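Undergrad: For the sequence shown, numbering that gives the first Met the number 0 gives the first residue as 0, with consecutive numbering after it.
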Amino acid sequence: MEDLPETISVPGYGNKPEVPALSIEIATVDDIAFAIRELDQKSTAIYTQISSLRRLHDLARRRGAVGTDKVADIFEGEV
0 MEDLPETISV PGYGNKPEVP ALSIEIATVD DIAFAIRELD QKSTAIYTQI
50 SSLRRLHDLA RRRGAVGTDK VADIFEGEV
């Protein structure tokens, strides 16, 4: 378990306030569960952005774009 973080960010829940850097050693199982949920939501948002950018990149390349072309020039207001 050497790759565990020393601290976790725990969102507020119930009557507990948000704790941005809670030591993993004193975290409760619920704290860990809520931290996982928050990280999962953030990672989903990141993967969505990655996927969208990949689609944009691939479409630009299919339209013949090269690395120095600007998105606005390639898509002429579509994006």
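We put the CB at the ideal spot given by N, CA and C, even for glycine.
The structure presented is a predicted model; accordingly, all values stated were derived computationally and were not measured.
Report the option in Arg-61, Ile-73, Val-9 whose CA atom is closest to the CA atom of Ala-32.
TA: Among Arg-61, Ile-73, Val-9, the Cα nearest to that of Ala-32 belongs to Val-9.
Undergrad: Over what stretch of residues does the beta strand (DSSP E) that includes Thr-47 continue unbroken?
TA: Element bounds for Thr-47: not the beta strand (DSSP E) but the alpha helix (DSSP H), 28-61.
Undergrad: So, is Asp-84 buried or exposed, given that buried needs 16 or more other C-beta atoms within 10 angstroms?
TA: Lying outside 0 to 78, the shown extent of the chain, residue 84 is not represented and no answer is given.
Undergrad: Closer than 6 angstroms by C-beta to Val-18: which residues in its own chain qualify, once you throw out the five before and the five after it? Chain order, please.
TA: Cβ within range, chain order: Val-9.
Undergrad: In whole angstroms, what is the alpha-carbon distance linking Thr-47 and His-56?
TA: Roughly 14 angstroms separates the two Cα atoms.
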